[in-house]
Amino acid sequence: MLKNKNFRHNLYVNIFFVLIAIIFTMVFAKTGSIVMGDDALWHLNRISEFINAIHNHNDIINLYSFANVGSAVQNFYPNILLFPFAIFFYFTHSLVMSFYLGVILFTYLTLSIGYYCFKNFSGKISASLLFTILYTFSNYRLTNIFIRFAVGEWIAMTFFPIVILGLYKLFVTKQKIGSYLLAAGIGLILYSHVLSGFIAIGLVILTWLISLVVDYKNWRQATINCIKSGILVLIVALPLFSNLIKLKGYIVTPTAHQLVQGSIPIKQLIDYNWHNYIGIDTGFVSIVIIIGFVFLVKRAPKIYVYAYILMLVSIFVTTNLFPWAIFQKTPITIIQFPSRFLVIANIFIAITGAYVFENVLVVFKRYHWWGLFIILAAILSVNLRAEQRLANARFATYQQITTVQPTNVSTIVINDKTMPIFLNYLRTVGNLQDYWPKISFNHRQSIANQIILSKDNTVKFIKMPIQQYNIVKFSVVNSGKSQMVDLPILNYKNQYQFLDNGKEKNIHFHNEVQLTLN
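Heads up: the sequence shown begins at 1 in full-length UniProt numbering, then just goes up one per residue.
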């Protein structure tokens, strides 16, 4: 009987999660187009290349997208969690629909993982629902997918609740399973977005340091368990880092940003929160939670007090009030934008918010579930309205692709019809040289334009390079004399073997692939 009750409960909860995931995604998906965000060009190329690689039985390298020059972006940027988008494309043959189906899937997974992790922590159904709704539909998470289009970072947020549960099991309840939860959570985050993985690792180190002060008697076991988690993470992430370690000095790595410029102006944070704009902020609900907890702090369990403090600290470090300039020449610049710490802030906002709203439910007494329904509906309505306001503004003001001229990638709307032209970078303005061989960088313009470097420009492509079964095929014509030419195909440590009409031919490697044509 109890098993049947639990089954029905889990079924209803998951149906609810699927429905609200669809509702929040349909705000943008119903148009059949995508409003481009900051990193849209990058991530749509990654998804497109992943789909193409599976379809043509290739290793993951970019001869279909990223200007069709053989960029090894996919070898340095985790892509395994793009697989669901490829599966959806197999059935829909629409990159736009595949993208939105992926958004629904990962939104559902975030809701489900958040719910079950918090239920394991608190044992309360209502608090778990409150936590996962607050976290999944936080302004920052909506911003990551619908404004920044930071697909990897957005997917990584799916797994942060696992890390938090692991920390709780490791440092509070002293359970060995905490080590495995940490390793699993951080591993999944690293395979979604490497920088988010570093933030998660930083959170573990910070928690360990705090434990040395507040729970110094158990420092030895806590340290051993942390080391165990670290070893497991290294084993899991070894394939991910092997290429980067091997070629780090050989490739163009992403530019280091000024940390101060990547922090949030405090006035902007307050203004955006108050008006509940979808942006780099924590939303209006966070104001309610911050104020509401003040009235509960005296009777709140220590774990929630710590969560409240960590929430305030993590919000503070994302702002320009924090002295980021003094850290500019330290390894922390790898995070690029201090605003990325909002992922930590959102976790602790959701934890604190679950406690605050759970206490509000006391007012409803025997109408507890009606009270929960009202609170959840209010939270969802506030954020859904904010998302709809964003969608209306973007679709009304962003231009549809109608010309062949270079276009700013963050101010356009595309659909499946215009997608192929958009993906090859030929119609858009953007930086595509990250992870190129350094020696190729001086010729970046001719490579991007797929120009063969030859004497008097006498050698041209007849058929552009295509890749199937890991074989790159192309046809060229030489209207001049026998000469050495540079093909606009990137070479990483001599990974190509060259065949001319089925016969092996010697080639040289300099900036790109070089060969002699007769």
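All C-beta atoms in this analysis are idealised placements derived from N, C-alpha and C, irrespective of residue type, glycine included.
field: In DSSP terms, what T319 is bridged to
entry: I264
message: Just verifying my parser: in three-state terms, what is the DSSP assignment at I452?
response: coil
message: Excluding the 5 residues flanking M311 on each side, which residues of the same chain have their C-beta closer than 7 angstroms to its C-beta?
response: A345, F348, I349 and T352
message: Rounded to the nearest angstrom, what separates F149 and G279 at their Cα positions?
response: 12 angstroms
task: Can you tell me which of the three DSSP states I280 falls into?
output: coil
- request: Can you tell me which of A200, F327, A354 and W274 puts its alpha carbon nearest to the alpha carbon of V260?
  value: F327
task: Would you grab the beta carbon distance between P331 and V317 for me? Rounded to a whole angstrom, and I think it's under 8 angstroms.
output: Their Cβ separation, rounded to whole angstroms, is 16 angstroms, which puts P331 and V317 out of contact at 8 angstroms.
- prompt: Ordered along the chain, which non-local residues of its own chain (more than five positions away) have a Cβ less than 8 angstroms from that of H510?
  reply: With a pLDDT of 49 at H510, under the threshold of 50, the modelled position of this residue cannot be trusted, and the question is left open.
field: Whole-Å CB distance - V343 paired with I205, under 8 angstroms assumed
entry: With 8 angstroms as the limit, V343 and I205 do not qualify as a contact, their Cβ atoms being about 16 angstroms apart.
Per-residue burial, Y77 [other beta carbons within 10 Å of its own, 16 or more giving buried]: buried
message: Distance check for W370 and S48, CA to CA, integer angstroms please.
response: 45 angstroms
Where V27 falls: helix, strand or coil (DSSP): helix
- prompt: Excluding the five sequence neighbours on either side, which residues of its own chain have a C-beta within less than 8 angstroms of the C-beta of N518, listed in chain order?
  reply: With a pLDDT of only 48 at N518, under the threshold of 50, the placement of this residue in the model should not be trusted; the figure read from the coordinates follows. Cβ within range, chain order: N478 and S482.
message: So F118 and F99 are supposed to be a Cβ contact under 8 angstroms. How far apart are they, rounded?
response: Going by Cβ atoms, the distance from F118 to F99 rounds to 28 angstroms, so no, they are not a contact pair.
task: List the DSSP bridge partners of Q467.
output: V472
- request: Counting only the same chain and skipping the five closest in sequence on each side, list residues whose C-beta sits under 6 angstroms from that of Y140.
  value: L342 and N346
- prompt: Nearest CA to the CA of Y116: which residue from V13, Q467 and P239?
  reply: V13
query: On the three-pair Cβ rule with 8 angstroms, is the stretch 83-101 touching the stretch 158-174?
result: no
message: So, for K174: in the same chain, excluding its five sequence neighbours on each side, which residues have a beta-carbon less than 6 angstroms away from its beta-carbon?
response: none
- request: Could you give the DSSP three-state label for I351: helix, strand or coil?
  value: helix
message: For N58 and H257, what's the separation of their Cα atoms in angstroms?
response: 34 angstroms
query: Which runs of the alpha helix (DSSP H) spanning at least 4 residues fall entirely within the stretch 146-222, listed in chain order?
result: 151-156, 160-171, 177-190 and 194-214
Collapsed DSSP secondary structure at V69 in the structure displayed: coil
Beta-carbon spacing of Y398, A72 below 7 angstroms: no
task: Going by DSSP, name the residue or residues bridged to K460.
output: V477
query: Out of N415, S446, P488 and Y492, which has the shortest C-alpha to C-alpha gap to S94?
result: N415
- request: Round the Cβ separation of I270 and L321 to the nearest angstrom and send it over; I've been treating them as touching at under 8 angstroms.
  value: I270 to L321, Cβ: 11 angstroms. No contact.
message: Closest to P437 by C-alpha separation, out of N75, K217, F146 and Y304, would be which residue?
response: N75
task: Go ahead and label G123 buried or exposed: buried means 16 or more other beta carbons lie within 10 angstroms of its beta carbon, across all protein chains shown.
output: exposed
- prompt: By how many angstroms is the C-alpha of I466 removed from the C-alpha of N68?
  reply: 8 angstroms
Close beta carbons around V356, own chain, < 6 angstroms, minus the five adjacent residues each side: I289, G292 and F293
Reduced DSSP secondary structure (H/G/I, E/B, other) of A439: The residue you asked about is not Ala; residue 439 is Ile in the sequence shown. If DSSP states are grouped into helix, strand and coil, I439 belongs with the helices.
- prompt: Who are I251's beta bridge partners in DSSP?
  reply: P437
message: Is the beta carbon of I264 closer than 7 angstroms to that of N273?
response: no
field: Below-7 angstroms beta-carbon distance, S229 vs any chain D residue
entry: The structure shown has no chain D; it contains just one protein chain.
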